[in-house]
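To keep things clear, I will list the structure first and then write my remarks on it.
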Amino acid sequence: MNELVPHLEKLFNNIFQTFDIPQSWKISEIITIPKPDRDLKDPGSYRPISLLNQDYKIFMKILANRIENILPKIIGEDQYGFVKGRKIHEPIRNIVNVLHHATITKRKLGILKLDVYKAFDKVNHNYLFQLCKDLNMGDNFCQIIKEIYKDNMAYIRVNGNRTEKVKIQNGTKQGCPLSPMLFAMAIEVLANKIRNDKDWRGYQIGKSELKLNLFADDAIVVTETPVEMVKRIMIILQEFKDQSGLSVNIEKSEIICLNTGPKEQIEIRKASGLKLGCKKMKYLGVWLLKNPNRMVEVNYNLIWKKMQKQIKSWKEKRLRRMAKIRALKTMIIPKMMYLLQVLPGTFPGVKLREWDSKLNFWIEGNKRPRIRKRWLIANEKEGGWGSPSLELYRDAFQIERLMELQLLEEKKWVKLEKEINNIKNKELLFRKWSKTEINSLTDPLKAVLEIWLKWQGKLGIGNSKLSTLHVLNINNDGNFNKIIKELKDKGIIRIEQLYEKDGRVNRIRLERWLGQQKWLQINAICKYLNKNENKEAFLREETCLEKILKEKSNDTKAQASNIYRMLLQADEEVIKGLTRCWQNELQIDEREMEDIVEIIRKIRNTRVREMRRKILHKWYYTPSQLAHFQKKRKGNCWHGCQKKGVFMHMFWECVEVQKFWKQVQNE
Numbered sequence: 001m002n003e004l005v006p007h008l009e010k011l012f013n014n015i016f017q018t019f020d021i022p023q024s025w026k027i028s029e030i031i032t033i034p035k036p037d038r039d040l041k042d043p044g045s046y047r048p049i050s051l052l053n054q055d056y057k058i059f060m061k062i063l064a065n066r067i068e069n070i071l072p073k074i075i076g077e078d079q080y081g082f083v084k085g086r087k088i089h090e091p092i093r094n095i096v097n098v099l100h101h102a103t104i105t106k107r108k109l110g111i112l113k114l115d116v117y118k119a120f121d122k123v124n125h126n127y128l129f130q131l132c133k134d135l136n137m138g139d140n141f142c143q144i145i146k147e148i149y150k151d152n153m154a155y156i157r158v159n160g161n162r163t164e165k166v167k168i169q170n171g172t173k174q175g176c177p178l179s180p181m182l183f184a185m186a187i188e189v190l191a192n193k194i195r196n197d198k199d200w201r202g203y204q205i206g207k208s209e210l211k212l213n214l215f216a217d218d219a220i221v222v223t224e225t226p227v228e229m230v231k232r233i234m235i236i237l238q239e240f241k242d243q244s245g246l247s248v249n250i251e252k253s254e255i256i257c258l259n260t261g262p263k264e265q266i267e268i269r270k271a272s273g274l275k276l277g278c279k280k281m282k283y284l285g286v287w288l289l290k291n292p293n294r295m296v297e298v299n300y301n302l303i304w305k306k307m308q309k310q311i312k313s314w315k316e317k318r319l320r321r322m323a324k325i326r327a328l329k330t331m332i333i334p335k336m337m338y339l340l341q342v343l344p345g346t347f348p349g350v351k352l353r354e355w356d357s358k359l360n361f362w363i364e365g366n367k368r369p370r371i372r373k374r375w376l377i378a379n380e381k382e383g384g385w386g387s388p389s390l391e392l393y394r395d396a397f398q399i400e401r402l403m404e405l406q407l408l409e410e411k412k413w414v415k416l417e418k419e420i421n422n423i424k425n426k427e428l429l430f431r432k433w434s435k436t437e438i439n440s441l442t443d444p445l446k447a448v449l450e451i452w453l454k455w456q457g458k459l460g461i462g463n464s465k466l467s468t469l470h471v472l473n474i475n476n477d478g479n480f481n482k483i484i485k486e487l488k489d490k491g492i493i494r495i496e497q498l499y500e501k502d503g504r505v506n507r508i509r510l511e512r513w514l515g516q517q518k519w520l521q522i523n524a525i526c527k528y529l530n531k532n533e534n535k536e537a538f539l540r541e542e543t544c545l546e547k548i549l550k551e552k553s554n555d556t557k558a559q560a561s562n563i564y565r566m567l568l569q570a571d572e573e574v575i576k577g578l579t580r581c582w583q584n585e586l587q588i589d590e591r592e593m594e595d596i597v598e599i600i601r602k603i604r605n606t607r608v609r610e611m612r613r614k615i616l617h618k619w620y621y622t623p624s625q626l627a628h629f630q631k632k633r634k635g636n637c638w639h640g641c642q643k644k645g646v647f648m649h650m651f652w653e654c655v656e657v658q659k660f661w662k663q664v665q666n667e
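Under UniProt numbering, think of the first position of the sequence shown as 1, with each following residue one higher.
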């Protein structure tokens with residue numbers, strides 16, 4: 001790599017200066033992969049995959065890294081695809097929120113899903129070049145994009161042979177790191193037309209309005225005036241098609257209407273040709289149902305059926321336990337993990353525990369696991385097997401959503417949920433929630449807080465320096481909310497920002513921020529900060545939850561895996577359990593047990609590592625244990641020494657076993 005860098009640097013700088021694009025960058029090779037369960041004689045049954053020059057991909061990745069930081073400034077907040085800091089669960093949560101709200105309030109709601117026909121393949125190149133200029137992307141960037149997309153050719157590889165060159169005249173390049181961002185810019189024109197159209201309204205909840213949801217080409221339009229919306233959308237789509245080359249397939253587009261009369265529905269069909277009576281639609285891999293109360297159950301049951309089918313197909317394969325755990329993590333549960341991450345609302349813990357048991361049953365070879373579940377799901381570093389727990393992952397994702405509700409006040413879905421539940425000025429994490437308070441809320445927030453209530457005690461959640469300023473105003477006093485807003489405007493968001501490093505409260509600084517005339521509110525703030533429990537919370541070492549929350553506030557990266565590990569450690573630590581398990585035989589302490597666990601973890605041979613972990617967990621049945629299960633059995637050693645067959649005796653102390661170990665030592 002070090003040898004290549006100087007040459008690549010020289011090549012890339014030359015391209016930036018001269019716009020002389022190598023010919024090899026303009027040629028791609030398309031291979032075809034058959035879609036599952038399709039007629040192989042039909043050309044439409046194959047998925048095209050483009051192979052591009054590697055130097056080209058490195059160069060375009062450099063450009064992508066440069067524009068990813070400015071993309072959120074030029075792309076509207078309702079485009080969630082390929083924009084830094086925006087996540088796939090956000091548009092889904094938006095839709096689920098309005099579905100729940102419209103169902104409860106009986107308000108009109110129209111949800112139109114647009115099917116953009118071959119979106120990435122149909123973008124007009126001239127439109128793309130002009131768009132880069134209009135967005136003021138810079139002369140160099142615009143010229144490079146123009147040259148790269150000029151005179152593009154492709155070969156198609158069929159049955160090991162290449163076709164003749166085919167000229168590429170439309171579309172963004174598949175496999176190019178910059179293509180998704182270019183497409184987001186291309187469809188932003190349509191998004192602007194929709195969001196700025198004043199002839200119809202989106203769905204309004206308090207001061208927040210949801211009108212449009214985009215994830216790349218997956219577009220959903222939301223309205224409380226469906227007839228007016230559909231009429232205007234048909235005009236806007238035609239204008240956009242003439243401008244960009246992108247068109248919408250109305251036959252494949254779908255609409256869900258809630259609380260709308262038959263006359264309105266007939267008018268919608270006449271104006272658009274859309275099929276009516278739709279009770280569900282698939283959006284970003286999730287089934288959105290007209291009845292939102294059944295959404296969680298339907299989606300999870302569908303995925304579980306697919307998982308069971310996969311597990312059946314793996315039954316014939318003779319795999320070791322650790323291989324099964326890896327297969328489970330990489331090939332069987334990812335779709336369920338996606339659902340746990342993106343779908344608001346919680347699936348019953350009883351059902352998830354039942355599914356966890358079935359997965360562990362399969363890992364054990366269709367037998368009941370011999371070791372406790374806690375050791376089975378614990379991380380390998382902590383002495384466990386690392387088997388995934390669906391219930392714990394559900395809880396981890398829900399707690400991460402609660403953190404986002406606390407931290408990301410400007411996100412659309414956060415505003416919607418806070419407006420629906422009237423909790424705009426409330427601390428969410430570091431406070432005690434009563435069951436009565438939680439029951440007064442609506443889903444999906446209610447489901448999130450039910451999970452949090454379950455873990456608050458186990459995690460020892462109390463006062464924290466990372467609390468928001470809203471803990472100062474438990475009674476939600478309007479005047480005090482104005483004080484909090486003043487502090488927020490000055491960048492003061494958390495309680496820790498009101499303390500000095502040594503834990504003192506600087507009253508003079510508060511007076512400078514708020515003015516001396518607000519002495520009454522300043523007194524109240526100082527009184528709260530000077531309480532012993534609050535000072536201790538500021539001065540003590542950060543808890544695991546606080547570290548995760550701080551990392552989440554400084555970065556947009558997901559923290560679900562860290563939260564999952566935190567939840568695993570909230571119960572009894574495996575190291576302590578293993579130490580107690582071996583205390584009578586070996587008299588070892590926790591430090592020695594940690595060393596043993598680390599030695600086993602570093603063994604490369606999977607078979608040996610698995611065998612040693614089984615011994616560590618006393619997985620093997622001994623004569624003493626079998627006699628306990630079956631009263632007719634005797635618990636004596638199988639080697640004929642007539643001593644009690646306990647674990648240590650069977651593996652080490654027996655005279656016959658000692659002969660074996662001496663033979664091993666001599667060899």
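From the three backbone atoms N, C-alpha and C, an ideal C-beta is built for every residue, glycine too.
Could you tell me whether the segment 197-212 touches the segment 245-254, using the rule of 3 or more Cβ pairs below 8 Å? no
Segments of 4+ residues assigned as alpha helix (DSSP H) that fall wholly inside the segment 212-275: 226-244 and 262-272
Quick one: give me the first and last residue of the beta strand (DSSP E) that Ser561 is part of. That residue, Ser561, is in no beta strand (DSSP E); its alpha helix (DSSP H) goes Ala560 to Ala570.
Counting pairs of Cβ atoms below 8 Å between the segment 107-121 and the segment 297-311, do you hit three or more? no
Euclidean distance between Cα positions of Leu11 and Asn2: 15 Å
Tell me whether Gly273 is buried or exposed, calling it buried when 16 or more other Cβ atoms sit within 10 Å of its Cβ. exposed
Please work out which residues of its chain come closer than 7 Å, Cβ to Cβ, to Lys335, disregarding the five sequence neighbours upstream and downstream, and give them in chain order. Ile303 and Lys306
Reducing DSSP to helix, strand and coil, say where Thr442 ends up. coil
Specify whether the segment 530-546 and the segment 414-422 touch according to this definition: at least 3 beta carbon pairs, one from each stretch, less than 8 Å apart. no
Output needed for Tyr300: all residues of its chain with C-beta closer than 7 Å, excluding positions within five of it in sequence on either side, in chain order. Leu339 and Phe347
So Ile575 and Val608 are supposed to be a Cβ contact under 8 Å. How far apart are they, rounded? That belief does not hold up - the Cβ atoms of Ile575 and Val608 are roughly 21 Å apart, past 8 Å.
Would you kindly check if the distance between the Cβ of Arg401 and the Cβ of Val448 is under 8 Å? yes
Residues bridged to Ser208 [DSSP beta-bridge criterion]: Ile205
According to the Cβ coordinates, are Gln559 and Lys550 closer than 8 Å? no
Rounded C-alpha distance that separates Ile332 from Arg326: 9 Å
Note down the Cα distance separating Lys367 from Ala323, rounded to an integer number of angstroms. 17 Å
Expressed to the nearest angstrom, what Euclidean distance is found between the alpha-carbon atoms of Val655 and Gly640? 10 Å
Three-state secondary structure (DSSP) at Asp139? helix
Examine the Cβ distances between the segment 222-242 and the segment 185-199 and report whether three or more of them are shorter than 8 Å. yes
So Leu112 and Leu258 are in contact, right, with Cβ under 8 Å, and what is the actual spacing, rounded? Not confirmed; about 12 Å, so no contact.
Put Asp356 into one of helix, strand or coil per three-state DSSP. helix
Counting Cβ pairs closer than 8 Å, one from the segment 440-459 and one from the segment 395-412, do we hit at least three? yes
With a cut-off of 8 Å, do at least 3 Cβ pairs link the segment 387-397 to the segment 582-593? no
Could you pull out every residue in the same chain whose Cβ sits closer than 7 Å to the Cβ of Gly386, ignoring the five residues on either side in sequence? Ile325, Asn379 and Glu380
Could you check if Tyr499 belongs to the surroundings of the ligand ADP, using beta carbon to heavy atom distance under 7 Å? Absence of the ligand ADP is noted for the structure shown, with no ligands found whatsoever.
Quick one: grab the DSSP three-state call for Tyr117. coil
Kindly indicate the opening and closing residues of the beta strand (DSSP E) around Ile31. Ile27 to Pro34
Any alpha helix (DSSP H) of 4 or more consecutive residues that is wholly inside the segment 136-206: 139-148 and 179-195
Rounded distance between the beta-carbons of Arg195 and Gly81, thought under 8 Å: Not confirmed; about 16 Å, so no contact.
Own chain, CB closer than 7 Å to Gly645, minus 5 neighbours either side, in chain order: Thr622, Pro623, Ser624, Gly635, Asn636, Cys637 and Trp638
With distances taken between CB atoms, is the gap from Asn13 to Asp20 smaller than 8 Å? no
What residue range does the beta strand (DSSP E) around Tyr46 cover? Tyr46 to Leu51
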